[in-house]
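Here is the structure we will look at.
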């Protein structure tokens with residue numbers, strides 16, 4: 090079978106391909122190869138700018154031609170590299186040979202052995218991958234979380250004055266305001282996005298076992314640590330100072346764990362909104378021709394929130410494995426990180442699918458204020474907390490017990506029930522008037 094959206098094994102590259110296509114330049118095989126070329130080219134340019142004695146004749150006017158290798162990288166270029174790899178059986182070496190092949194007609198042909206000079210594959214991979222991740226997050230992923238945050242802020246402002254019955258343990262509880270309940274998620278998401286900003290995009294760059302062995306033996310007079318820090322810093326990354334052959338991935342694991350916690354917050358939001366829809370607090374806008382159920386014509390299912398929750402769960406399972414596995418490697422190197430890292434884009438793809446579904450769902454919500462008010466009217470017992478608290482202030486004997494006896498009878502508690510109870514209290518009329526002013530609609534706190 091030919092690979093297509095219909096024959097792809099993963100729904101990320103099948104059913105949902107259009108939603109996640111913006112991630113392909115960063116996380117696809119084509120993207121990884123392109124970032125590897127970028128690192129090799131920029132590293133060669135950095136060597137020219139030291140300059141190494143053998144590269145002192147390389148003129149800056151050739152640099153744009155070098156950078157064009159990754160700036161104008163094509164699928165045909167990637168296929169050529171895969172052809173070379175079929176011979177070398179080594180993906181990074183194939184990139185090196187491709188660069189040399191493409192630059193053979195330039196006046197730097199005598200300098201081409203300084204492509205990949207002193208490097209091991211992981212100097213390239215452990216710089217290319219964090220750079221591709223950083224740019225994917227900056228350009229695609231984080232802006233989508235910020236769009237969700239902005240939409241929640243709009244809804245919180247829109248609904249800030251809507252009183253609503255709260256439910257703790259699934260039971261009626263002290264009323265709240267709908268906007269404030271969305272503000273809870275706004276604060277949680279904002280803090281996690283802030284934490285993400287504080288996690289550096291770490292890269293490994295230091296030779297076969299992290300000590301610049303080859304660099305130092307060739308040019309002992311050069312401060313290679315400073316060179317590595319400068320080079321990696323120019324890419325917008327932070328160089329890990331003490332490594333084995335590979336990056337230790339601790340900062341990457343911290344970022345992935347933060348995304349997992351972000352997604353957990355959104356799962357919580359999905360489930361809450363789903364529940365509010367089931368309580369009829371929200372209705373959902375529908376498009377002409379849409380079907381909610383194949384059997385029940387009346388249904389409009391909260392599918393966007395369910396889709397979001399499901400994809401966030403898949404993303405988190407992968408984030409969990411990546412963050413737990415990547416920081417662990419036998420001695421100076423084993424290869425388990427390589428195959429795992431090839432899946433780095435998958436949890437972000439599922440997160441993008443989930444965020445798009447969540448946004449779609451939030452944009453379909455229509456407030457059913459009548460249902461919210463009816464629920465408040467049905468639960469006058471929730472003002473018992475307010476009344477007993479004021480009675481405590483006034484020194485009334487055993488106020489909690491008095492309200493407990495009132496509200497735990499089989500009689501339905503209504504506005505009239507509360508009015509009769511207040512009328513029968515042996516307290517000042519001024520305090521009674523304060524109690525009479527309390528209702529489920531205004532007992533919403535700050």
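In this note's numbering, the protein residues as written are 90 to 535. Think of the CB as a built atom: it goes at the ideal place given N, C-alpha and C, for glycine as much as any other residue.
(1) What are the start and end residues of the alpha helix (DSSP H) that includes residue 136?
(2) On a CA-only basis, which of 114, 448 and 228 is nearest residue 167? Give me that one, please.
(3) Between residue 180 and residue 112, what straight-line distance do the alpha-carbon atoms span, to the nearest angstrom?
(4) Tell me which same chain residues have a C-beta within less than 7 angstroms of the C-beta of residue 510, skipping the five on either side of it?
(5) Quick check on the burial criterion: 16 or more other C-beta atoms within 10 angstroms. Buried or exposed for residue 165?
(6) Are the beta-carbon atoms of residue 326 and residue 219 separated by less than 8 angstroms?
(7) For a minimum of 3 consecutive residues, which ranges assigned as the beta strand (DSSP E) are wholly contained in the segment 338-414?
(8) Straight-line CA distance for residue 171 to residue 122?
(9) Comparing alpha-carbon positions, which option in 173, 480, 238 and 466 lies nearest residue 280?
(10) Check whether the Cβ atoms of residue 361 and residue 447 lie closer than 8 angstroms to each other.
(11) Compare the C-alpha of residue 247 against each of 191, 198 and 451 and name the closest.
(12) Are the beta-carbon atoms of residue 135 and residue 320 separated by less than 8 angstroms?
(13) Taking DSSP's pairing of strands, which residues face residue 260 in a bridge?
(14) My understanding is that residue 211 touches residue 293, with C-beta atoms under 8 angstroms, so please give their C-beta distance in whole angstroms.
(15) Runs of 3 residues minimum, wholly inside the segment 157-216: which ones carry the beta strand (DSSP E) assignment?
(16) Comparing C-alpha positions only, which one of 508, 348, 255 and 263 sits nearest to residue 226?
(17) Measuring alpha carbon to alpha carbon, tell me which of 523, 260, 356 and 286 ends up nearest residue 508.
(18) In the structure shown, what three-state DSSP assignment does residue 266 receive?
(19) I need the boundaries of the beta strand (DSSP E) containing residue 455, first residue and last residue.
(20) Note down the Cα distance separating residue 504 from residue 467, rounded to an integer number of angstroms.
(21) Might you give, ordered along the chain, the residues of its own chain that have their beta carbon closer than 6 angstroms to the beta carbon of residue 366, omitting 5 neighbours on each side?
(22) Helix, strand or coil, according to DSSP, for residue 291 in the structure here?
(23) Distance check for residue 461 and residue 540, CA to CA, integer angstroms please.
(24) Going by CA-CA distance only, name the one from 175, 404 and 310 that's closest to residue 141.
(25) Is the separation between the beta-carbon of residue 426 and that of residue 288 shorter than 8 angstroms?
(26) Could you tell me the alpha carbon to alpha carbon distance between residue 414 and residue 275, rounded to whole angstroms?
(27) Can you tell me the Cβ-Cβ gap for residue 532 and residue 441, rounded? I've got them flagged as a contact below 8 angstroms.
(28) What residue range does the alpha helix (DSSP H) around residue 317 cover?
(29) Within 10 Å of its beta-carbon, does residue 386 have 16 or more other beta-carbons around it, so buried, or fewer, so exposed?
(30) Let me confirm a value: residue 197 is counted as buried when at least 16 other C-beta atoms fall within 10 Å, else exposed. Which label applies?
(31) Can you give the beta carbon distance from residue 520 to residue 490, rounded, assuming they're within the 8 angstroms contact cut?
(32) Which one of 284, 283, 282 and 318 has the shortest CA to CA distance from residue 299?
(33) Exposed or buried, what is residue 323 when buried is set at 16 or more other beta-carbons lying within 10 Å of its beta-carbon?
(34) Could you please give me the residues that DSSP links to residue 252 through a beta bridge?
Put simply:
(1) Translated into the one-based positions of the chain shown, residue 136 becomes position 47. 118-137 is the extent of the alpha helix (DSSP H) around residue 136.
(2) Working through the chain shown from its first residue, we reach residue 167 at position 78. Out of 114, 448 and 228, 114 has the C-alpha closest to the C-alpha of residue 167.
(3) Locating residue 180 in the chain shown gives position 91, where the first residue counts as 1. Locating residue 112 in the chain shown gives position 23, where the first residue counts as 1. Cα to Cα, residue 180 sits roughly 21 angstroms from residue 112.
(4) Counted from its first residue, the chain shown places residue 510 at position 421. Cβ neighbours of residue 510 beyond the five flanking positions: 495.
(5) Counting from one through the chain shown, the residue named residue 165 turns up at place 76. Label assigned to residue 165: exposed.
(6) Taking the chain shown and counting its residues from 1, one reaches residue 326 at position 237. Taking the chain shown and counting its residues from 1, one reaches residue 219 at position 130. It is a contact, given that the beta carbons lie within the stated cut-off.
(7) 371-373
(8) Here residue 171 corresponds to residue number 82 of the chain shown, with the count starting at 1. Here residue 122 corresponds to residue number 33 of the chain shown, with the count starting at 1. Going by the C-alpha atoms only, they are around 10 angstroms apart.
(9) Numbered from its first residue, the chain shown carries residue 280 at position 191. Minimum Cα distance to residue 280 is reached at 238.
(10) Here residue 361 refers to the residue found at position 272 when the chain shown is read from its first residue. Here residue 447 refers to the residue found at position 358 when the chain shown is read from its first residue. 8 angstroms or more divides the Cβ of residue 361 from the Cβ of residue 447.
(11) As a working note, residue 247 is residue 158 in the chain shown. With distances taken between Cα atoms, residue 247 lies closest to 451.
(12) The count along the chain shown starts at 1 and reaches residue 135 at position 46. The count along the chain shown starts at 1 and reaches residue 320 at position 231. Contact: yes.
(13) The sequence position of residue 260 within the chain shown is 171, counting from 1. Paired residue(s): 257.
(14) Taking the chain shown and counting its residues from 1, one reaches residue 211 at position 122. Taking the chain shown and counting its residues from 1, one reaches residue 293 at position 204. The Cβ separation is near 6 angstroms, so the contact holds.
(15) none
(16) For the purposes of this step, residue 226 is taken as the residue at position 137 of the chain shown. Looking at the Cα atoms, 348 is the closest of the given residues.
(17) Counting from 1 along the chain shown, the entry for residue 508 is found at position 419. For residue 508, the nearest C-alpha among the options comes from 523.
(18) As a position in the chain shown, residue 266 is number 177, starting the count at 1. Judged by DSSP in its simplified three-state form, residue 266 adopts strand.
(19) Position 366 of the chain shown, counting from 1, holds the residue named residue 455. Annotation: the continuous beta strand (DSSP E) that includes residue 455 extends over 454-456.
(20) Counted from its first residue, the chain shown places residue 504 at position 415. Counted from its first residue, the chain shown places residue 467 at position 378. Each residue's Cα considered, the two are about 9 angstroms apart.
(21) Here residue 366 refers to the residue found at position 277 when the chain shown is read from its first residue. Only 391 meet the Cβ criterion.
(22) Stepping through the chain shown from its first residue, residue 291 is reached at position 202. Assigned with DSSP and collapsed to three states, residue 291 falls in strand.
(23) What is shown of the chain runs 90 to 535, which leaves residue 540 out entirely.
(24) The residue you call residue 141 lines up with position 52 of the chain shown. Nearest option by C-alpha distance: 310.
(25) Working through the chain shown from its first residue, we reach residue 426 at position 337. Working through the chain shown from its first residue, we reach residue 288 at position 199. In this structure, residue 288 does not lie closer than 8 angstroms to residue 426 by Cβ.
(26) Mapped onto the chain shown, residue 414 falls at position 325. Mapped onto the chain shown, residue 275 falls at position 186. For residue 414 and residue 275, the distance between alpha carbons rounds to 31 angstroms.
(27) Taking the chain shown and counting its residues from 1, one reaches residue 532 at position 443. Taking the chain shown and counting its residues from 1, one reaches residue 441 at position 352. Not quite, the Cβ-Cβ distance comes to about 41 angstroms (not below 8 angstroms), so this is no contact.
(28) Stepping through the chain shown from its first residue, residue 317 is reached at position 228. Note, residue 317: alpha helix (DSSP H), 313-323.
(29) Along the chain shown, read from residue 1 onward, the residue named residue 386 stands at position 297. In this predicted model, residue 386 has a pLDDT of only 47, less than 50, meaning its place in the structure is not dependable; the value taken from the coordinates is given anyway. Counting the other Cβ atoms within 10 Å of the Cβ of residue 386 gives fewer than 16, which makes it exposed.
(30) Here residue 197 refers to the residue found at position 108 when the chain shown is read from its first residue. By the neighbour-count rule (16 or more Cβ atoms within 10 Å), residue 197 is buried.
(31) Sequence index remark: in the chain shown, residue 520 carries index 431 (1-based). Sequence index remark: in the chain shown, residue 490 carries index 401 (1-based). Contact flag wrong, Cβ pair sits at about 19 angstroms.
(32) In the chain shown, residue 299 corresponds to position 210, counting from 1. Distances from the CA of residue 299 to each of 284, 283, 282 and 318 were compared; the closest alpha carbon is that of 318.
(33) Mapped onto the chain shown, residue 323 falls at position 234. Label assigned to residue 323: exposed.
(34) Here residue 252 corresponds to residue number 163 of the chain shown, with the count starting at 1. For residue 252, which the question treats as bridged, DSSP gives the partners 266.
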